[in-house]
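Input: a single structure, listed below in C-alpha cells.
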C-alpha cells in the first residue's frame, strides 16, 4: 500500500509538470543533429527491499528526423533502504519517437553495472513517456533490473541543448 501511495503521488506530480510546460517552445520535435541533456532522477522501487532511488544522468542524442532520435544514456543511480543501500551505473541505448508536438515515447535497453561488491551487472530495459520543449525534458519511465531483484517507476527532469 505504501508503494501504491508513492506511485500515485509521483504520477500526480508528473502529470502536473506535463500540463504546465510551455507548449509554444517547440512545435515539431527536434531539428536533425546532436543534442545533449543532463537529468536528475527520482524513483520508487517496486517489489523490492529498496525504499527509493535518486540519480543523475547524461544523455547523448542524435536526431534522425524531427520526430525520431537515437539515444545513449549513462549516469549513476543510488537505491536506498534501511538495511543495505546499492548503486549502479546504467549504460543504455534507446529510440525516441514523438507522438505529437511535444509528447514522446522512449525505449531503452542496456546494462546496470553494480558499484557495490557482489551486485554484479544486470540487464536493464526502460520504456517511458515524456514531454520535451527546446531545452526542458520531463519523463516518467519504468526501469527493470532483473539481477538486482527490483524495478522502479522513475521521474526524470532534464535540461538539454543542441550541440
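Numbering (my numbering), first residue to last: 99 to 261. Just so it is clear, CB atoms sit at the ideal spot from N, CA and C, and this is done for glycine as well. Since this is a predicted model, take the numbers as computed values, not measurements.
- Task: Might you give, ordered along the chain, the residues of its own chain that have their beta carbon closer than 6 Å to the beta carbon of residue 239, omitting 5 neighbours on each side?
- Result: 224, 226 and 252
- Item | Through-space distance from residue 201 to residue 237, alpha-carbon basis | 9 Å
- Message: In the DSSP output, what is residue 194 paired with across the bridge?
- Response: 167 and 204
- Task: For the beta strand (DSSP E) holding residue 219, just list the boundary residues, first then last.
- Result: 219-230
- Item | Through-space distance from residue 219 to residue 195, alpha-carbon basis | 28 Å
- Boundaries of the beta strand (DSSP E) in which residue 214 is found, first to last residue: Per DSSP, residue 214 belongs to no beta strand (DSSP E) and is neither H nor E.
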